[in-house]
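2 protein chains.
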Amino acid sequence: MFGSDQHRQHISGQFNHELETLKHDILAMGGLVEAQLNTALESLIERNSEKAIRVTKRDSEVNNLELKIDQECARILARRQPAASDLRLVLAIIKINMDLERVGDEAAKIARQAKVIIESNVSGTQFAQLRRMGRKIAETLRAALDALARHDADAALMVVRGDSSVDQEYAHSMQTLVADMKSEPHNISTILNEIWALKALERIGDHASNIGEHVIYLVRGQDVRHLAPEAVDDRLAKPY
Amino acid sequence: MFGSDQHRQHISGQFNHELETLKHDILAMGGLVEAQLNTALESLIERNSEKAIRVTKRDSEVNNLELKIDQECARILARRQPAASDLRLVLAIIKINMDLERVGDEAAKIARQAKVIIESNVSGTQFAQLRRMGRKIAETLRAALDALARHDADAALMVVRGDSSVDQEYAHSMQTLVADMKSEPHNISTILNEIWALKALERIGDHASNIGEHVIYLVRGQDVRHLAPEAVDDRLAKPY
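Chains as they are written, first to last, in our numbering: chain A, 1 to 240; chain B, 1001 to 1240.
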């Protein structure tokens, strides 16, 4: 079917170009939701409702980019019939795309909670829990996106493993906020808004961990989902 | 490459068999997480901790089936290079599989909350909110899985559209529980456990809605994610 080597190279050059576009777009998606998360956290901590509104407005950009990437993946699968590592790349990007879109959703939720908290005009809290947890989760997401950009399975594994320390931070923050509710029942509504934001952060941490798993699959062809940390080490230690 | 029509038919017969296995497995996955949700709700309403434990134990079955289906999808894409509606089927199943696995996770969360509530031995609540919301969400998930089984885009669209009534039920239940926290601050911990279960139900409703969107894509090749309900109607009214 292919007339000449030149034609074949041309086809393969186009294919490479499509894969590069796809990689570029998924990293752009990562950058976009990372910016959404950071702006949402700033809106909360600075009590800046303009920033909160900016996040909710930009959510449609996240959604549009999700659809664009998904269409690119479907088109590549239909036309290029990729195999081996190219196929793994496309499959991993389909999943990473879903996780990133949901990170965007959670960032928008944090922005909505920030708006409610700002409007309720309660001046007491300094959001100590949310600041700490927010910083930790933003770092985790950044590490997952770096691992993706560099196709670094070891760095991705660190993200997957790191999740338990985030879980502890989350549990501690939640206990503190629940204790606050009991001692200040008149503040229950505002504290609940903080709890919703905290839960959104926890979710983002879960999605970052999922992204780490997808990067490991992409680079090593190993599916490490649902394994205990020791089992992940064991699985990855085997020759591949 | 293919020696004869007979060989070609043989290949295509195997391929059909693989697609049938995939459809069978995704419906089995749906049935499994549906059972997990119902058992989790029963454990809560009947204060039956044995049922709650059963749900958390079976979560690994859900995870294993997720991985199996994912591997089948990757194998079909690598070996069969499906096109058109076959490709859409595989892509839709990859996504439905992710949503179903997360429904399983949320069911396990409900079971864990049930266990905490049972152990805390508070006798007051009859879980009126959780019963009502649980029934609604179980119906929604069932409708999404029926639409998948029958490849019924109209039924899937009903699931996608129905989400706003579930949202209202959720908002009402949440308001009631928050009011309870304010009037009974000594019960805050238990009421929070109910709130976590309620939030898990809301998530399951979101996943059911996502599944409805994937079914519409599978049947009609139309991506209706992130569209307002009127826009979905408009999009689907166009010739396809």
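By construction, the Cβ of each residue, glycine as well, lies at the ideal position given by its N, Cα and C atoms.
Please read these numbers as outputs of a predicted model, since none were measured by experiment.
Task: Cβ neighbours of S60 (chain A) in the same chain (closer than 7 Å, five flanking residues each side left out) - done: The count along the first sequence starts at 1 and reaches residue 60 (chain A) at position 60. Result list for S60 (chain A): empty, nothing under 7 Å.
- [ ] Measure the C-alpha to C-alpha separation of Q168 (chain A) and R1135 (chain B) and round it to an integer number of angstroms.
- [x] Walking along the first sequence from the start, residue 168 (chain A) turns up at place 168. Walking along the second sequence from the start, residue 1135 (chain B) turns up at place 135. Approximately 33 Å, taken between the alpha carbons.
Open item on the list: If I follow the unbroken alpha helix (DSSP H) through G134 (chain A), where does it start and stop?
Closed with: Taking the first sequence and counting its residues from 1, the one referred to as residue 134 (chain A) is at position 134. Counting along the chain, the alpha helix (DSSP H) containing G134 (chain A) begins and ends at 128-149.
Open item on the list: Strictly below 8 Å CB to CB, what residues from chain A border N1063 (chain B)?
Closed with: Within the second sequence, numbered from 1, the residue matching residue 1063 (chain B) stands at position 63. Per Cβ cutoff of 8 Å: R225, H226.
Task: Neighbour list for I1094 (chain B) in chain E, Cβ cutoff strictly below 7 Å - done: No chain E is part of this structure, whose protein chains are labelled A and B.
Open item on the list: According to DSSP, is R290 (chain A) part of a helix, a strand, or is it coil?
Closed with: What is shown of chain A runs 1 to 240, which leaves residue 290 (chain A) out entirely.
Open item on the list: Taking its Cβ as the centre, do 16 or more other Cβ atoms sit within 10 Å of R88 (chain A), making it buried, or is it exposed?
Closed with: As a position in the first sequence, residue 88 (chain A) is number 88, starting the count at 1. The residue is buried, with at least 16 neighbouring Cβ atoms inside 10 Å.
TODO: Compute the distance between the beta-carbons of A143 (chain A) and V215 (chain A), then report whether it is under 8 Å.
DONE: The residue labelled residue 143 (chain A) in the question sits at position 143 within the first sequence. The residue labelled residue 215 (chain A) in the question sits at position 215 within the first sequence. Result no, Cβ atoms of A143 (chain A) and V215 (chain A) do not sit closer than 8 Å.
TODO: For V178 (chain A), return the contacting residues in chain B, with the cut-off set at a CB-CB distance below 9 Å.
DONE: For the purposes of this step, residue 178 (chain A) is taken as residue 178 along the first sequence, with counting starting at 1. By Cβ distance, chain B contributes I1188, S1189, L1192.
Task: Contacts around L65 (chain A), its chain only, beta-carbon distance under 8 Å, and the 5 residues preceding and following it disregarded - done: Counting from 1 along the first sequence, the entry for residue 65 (chain A) is found at position 65. So the list reads D25, A28, M29, L32, once near-sequence residues are dropped.
Open item on the list: Would you say A1074 (chain B) lies against chain A (beta-carbon separation less than 8 Å)?
Closed with: Along the second sequence, one-based indexing puts residue 1074 (chain B) at 74. Output row for A1074 (chain B): interface = yes.
Open item on the list: Restricting to Cα atoms, I'd like to know which of B:I1076, B:N1187, B:D1086 is closest to P82 (chain A).
Closed with: In the first sequence, the residue the question calls residue 82 (chain A) occupies position 82. Selected option, being the one with the closest Cα: B:I1076.
- [ ] State the Cα-Cα distance for the pair L198 (chain A) and L91 (chain A), rounded to the nearest angstrom.
- [x] The count along the first sequence starts at 1 and reaches residue 198 (chain A) at position 198. The count along the first sequence starts at 1 and reaches residue 91 (chain A) at position 91. Their backbone Cα atoms lie some 31 Å apart in a straight line.
- [ ] Assign R102 (chain A) to one of two classes, buried (16 or more other C-beta atoms within 10 Å of its C-beta) or exposed (fewer than that).
- [x] In the first sequence, the residue the question calls residue 102 (chain A) occupies position 102. So R102 (chain A) counts as buried.
Open item on the list: Contact defined as beta carbons within less than 8 Å: I believe S1049 (chain B) pairs with K1115 (chain B). What is the distance between those atoms, to the nearest angstrom?
Closed with: Within the second sequence, the letter at position 49 stands for residue 1049 (chain B). Within the second sequence, the letter at position 115 stands for residue 1115 (chain B). Indeed, because the Cβ distance is near 6 Å, the residues count as touching under 8 Å.
TODO: Kindly indicate which residue of B:L1067, B:Q1036, B:N1063, B:K1068 has the alpha-carbon position closest to the one of I945 (chain B).
DONE: Residue 945 (chain B) lies beyond the residue range present for chain B, which begins at 1001 and ends at 1240; the question has no answer from this structure.
Open item on the list: Contact criterion: CB-CB distance below 8 Å. Does A1231 (chain B) meet it with respect to chain A?
Closed with: The residue given as residue 1231 (chain B) occupies position 231 in the second sequence. Not one chain A Cβ lies under 8 Å of A1231 (chain B).
Open item on the list: Contact criterion: CB-CB distance below 8 Å. Does A153 (chain A) meet it with respect to chain B?
Closed with: Within the first sequence, the letter at position 153 stands for residue 153 (chain A). False, the Cβ-Cβ gap to chain B never drops below 8 Å.
- [ ] Might you give, ordered along the chain, the residues of its own chain that have their beta carbon closer than 8 Å to the beta carbon of E72 (chain A), omitting 5 neighbours on each side?
- [x] Here residue 72 (chain A) is taken as the residue at index 72 of the first sequence, counted from 1. The answer, listed in chain order, is E18, T21, L22, D25.
- [ ] For the alpha helix (DSSP H) holding D59 (chain A), just list the boundary residues, first then last.
- [x] Residue mapping note: residue 59 (chain A) aligns to position 59 of the first sequence, counting from 1. Residues 49-80.
- [ ] Could you check the C-alpha separation between L148 (chain A) and A156 (chain A) for me, to the nearest Å?
- [x] On the first sequence, position 148 is the one that residue 148 (chain A) refers to. On the first sequence, position 156 is the one that residue 156 (chain A) refers to. Using only the alpha carbons, I get a separation of about 8 Å.
Task: CB contact below 8 Å: K1109 (chain B) versus chain A - done: Translated into the one-based positions of the second sequence, residue 1109 (chain B) becomes position 109. Not closer than 8 Å to any Cβ of chain A, the Cβ of K1109 (chain B) fails to qualify, so no.
Task: Check whether R1203 (chain B) and E1106 (chain B) have beta carbons under 8 Å apart - done: Numbered from 1 along the second sequence, position 203 holds the residue referred to as residue 1203 (chain B). Numbered from 1 along the second sequence, position 106 holds the residue referred to as residue 1106 (chain B). Yes, the pair counts as a contact, with Cβ atoms nearer than the cut-off.
Open item on the list: Counting C-beta neighbours from all protein chains within 10 Å, is the total for Y1240 (chain B) 16 or more, i.e. buried, or is it exposed?
Closed with: Residue 1240 (chain B) sits at position 240 when you count from the first residue of the second sequence. Caution applies to Y1240 (chain B), whose pLDDT of 42 falls short of 50 and renders its modelled position unreliable; the value that the coordinates give is listed next. Exposed: under 16 other Cβ atoms inside 10 Å.
Task: Sub-8 Å separation of S209 (chain A) and V160 (chain A) beta-carbons - done: Sequence index remark: in the first sequence, residue 209 (chain A) carries index 209 (1-based). Sequence index remark: in the first sequence, residue 160 (chain A) carries index 160 (1-based). For S209 (chain A) and V160 (chain A), yes; Cβs fall inside 8 Å.
- [ ] Ignore the nearest five residues each way along the sequence and tell me which others in E42 (chain A)'s own chain have a CB closer than 6 Å to its CB.
- [x] Indexing the first sequence from 1 puts residue 42 (chain A) at position 42. K51.
TODO: Compare the beta carbon distance of I1137 (chain B) and N1097 (chain B) with 8 Å and say whether it is the shorter of the two.
DONE: Numbered from its first residue, the second sequence carries residue 1137 (chain B) at position 137. Numbered from its first residue, the second sequence carries residue 1097 (chain B) at position 97. No.
Task: Sequence-distant residues of the same chain with beta carbon closer than 7 Å to F15 (chain A), five excluded per side - done: As a position in the first sequence, residue 15 (chain A) is number 15, starting the count at 1. Hits under 7 Å: R80.
Open item on the list: Counting C-beta neighbours from all protein chains within 10 Å, is the total for A111 (chain A) 16 or more, i.e. buried, or is it exposed?
Closed with: Counted from its first residue, the first sequence places residue 111 (chain A) at position 111. With 16 or more Cβ atoms within 10 Å of its Cβ, A111 (chain A) is classed as buried.
Open item on the list: Which of the three DSSP states is assigned to G212 (chain A) in this structure?
Closed with: Locating residue 212 (chain A) in the first sequence gives position 212, where the first residue counts as 1. G212 (chain A) falls in the helix class under three-state DSSP.
TODO: Check Q222 (chain A) in the structure and name its three-state DSSP category.
DONE: For the purposes of this step, residue 222 (chain A) is taken as the residue at position 222 of the first sequence. Here Q222 (chain A) sits in coil by DSSP.
Task: Y1240 (chain B) at chain A interface by Cβ criterion, 8 Å - done: Sequence index remark: in the second sequence, residue 1240 (chain B) carries index 240 (1-based). In this prediction, Y1240 (chain B) has a pLDDT of 42, which is less than 50 and means its spatial position is unreliable; nothing more can be read from the coordinates.
TODO: In angstroms with no decimal places, state the Cα-to-Cα distance between R1047 (chain B) and M1133 (chain B).
DONE: The residue labelled residue 1047 (chain B) in the question sits at position 47 within the second sequence. The residue labelled residue 1133 (chain B) in the question sits at position 133 within the second sequence. Cα-Cα distance, rounded: 17 Å.
Open item on the list: At the 8 Å Cβ level, is K1182 (chain B) part of the contact set with chain A, yes or no?
Closed with: As a position in the second sequence, residue 1182 (chain B) is number 182, starting the count at 1. So, interface residue.
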